[in-house]
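Enquirer: Sharing a structure with you now.
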Amino acid sequence: MKTYKHLDVRAVSAERSELKEKAAQYPYVIAHMYSDILCGNCVHDGINWDELVELRAFDEKGELHVYEQNGSLKAVEITEKENADAEEDTVIKYYQVRKSVSAVKSPCRLAVKEYLEADEDGQAVVVYTRPFGLEAKAE
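Residue numbering for the sequence shown is 72 to 210, as defined by our numbering.
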């Protein structure tokens, strides 16, 4: 499993009941299913686990990333290390969420955090990108 300076990454059980329980621990969800896309705060009941292709359940400190691979679900949990001061090694970006996929049907922005590390030449490169918040946006 890949290692990162400011993140802990660990594989988690892909047992559906355990994934549902683990996903419920995070307030925000982006779920890509064959027939729908779901994005919002506390929308876990709307996930069709039989059609799930990819899911990111997340908060400010970590995420559960579930993805379909070769016909079965795989999952990893990524959390920020407690003692890591990642402020100078991260970039935060905001993206408009389409109303058609937003569970609240009002304008909101997806906050995304990019983690930077130095490459072999000492240049900063993005090594991991993850969602970390959804914010209401004034119209």
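Note that CB positions come from ideal geometry on N, CA and C, so glycine has one too.
Would Ala182 and Phe203 qualify as a contact pair, given that the criterion is a beta-carbon distance under 8 Å?
Expert: yes
Enquirer: What are the start and end residues of each continuous beta strand (DSSP E) run of 3 or more residues lying completely inside the region 80–114, in chain order?
Expert: Entirely contained in the region 80–114, the beta strand (DSSP E) runs reaching 3 residues are, in chain order, 99–104 and 108–112.
Enquirer: Mind checking whether Tyr99 and Glu122 have CB atoms under 8 Å apart?
Expert: no
Enquirer: How is the beta strand (DSSP E) around Lys76 delimited, first residue to last?
Expert: That residue, Lys76, is in no beta strand (DSSP E); it is neither H nor E in DSSP.
Enquirer: Specify whether the region 129–136 and the region 144–154 touch according to this definition: at least 3 beta carbon pairs, one from each stretch, less than 8 Å apart.
Expert: yes
Enquirer: Would a C-beta distance cut-off of 8 Å place Arg169 and Glu206 closer than the cut-off?
Expert: no
Enquirer: Among the residues of its own chain, which have a CB less than 8 Å from the CB of Thr74, if the five just before and after it don't count?
Expert: Counting only Cβ-Cβ distances below 8 Å, and skipping sequence neighbours, we find Val80.
Enquirer: From His115 to Ser88, what does the alpha carbon distance come to, in whole angstroms?
Expert: 13 Å
Enquirer: What separation, rounded to the nearest whole angstrom, lies between the Cα atoms of Arg127 and Glu191?
Expert: 30 Å
Enquirer: Identify, in the order they occur along the chain, each residue of the same chain with its Cβ nearer than 6 Å to the Cβ of Ala102, setting aside the five sequence neighbours on each side.
Expert: Once the five neighbours on either side are set aside, the close Cβ partners of Ala102 are Leu109, Ile118 and Leu126.
Enquirer: Among Pro178, Gly193, Thr161 and Leu90, whose alpha-carbon lies nearest the alpha-carbon of Lys132?
Expert: Thr161
Enquirer: Could you check if Ala195 is buried or exposed, using at least 16 other CB atoms within 10 Å of its CB as the buried criterion?
Expert: Label assigned to Ala195: exposed.
Enquirer: Go ahead and label Ala94 buried or exposed: buried means 16 or more other beta carbons lie within 10 angstroms of its beta carbon, across all protein chains shown.
Expert: buried
Enquirer: Taking DSSP as the reference, what is the three-state secondary structure of Gly204?
Expert: strand
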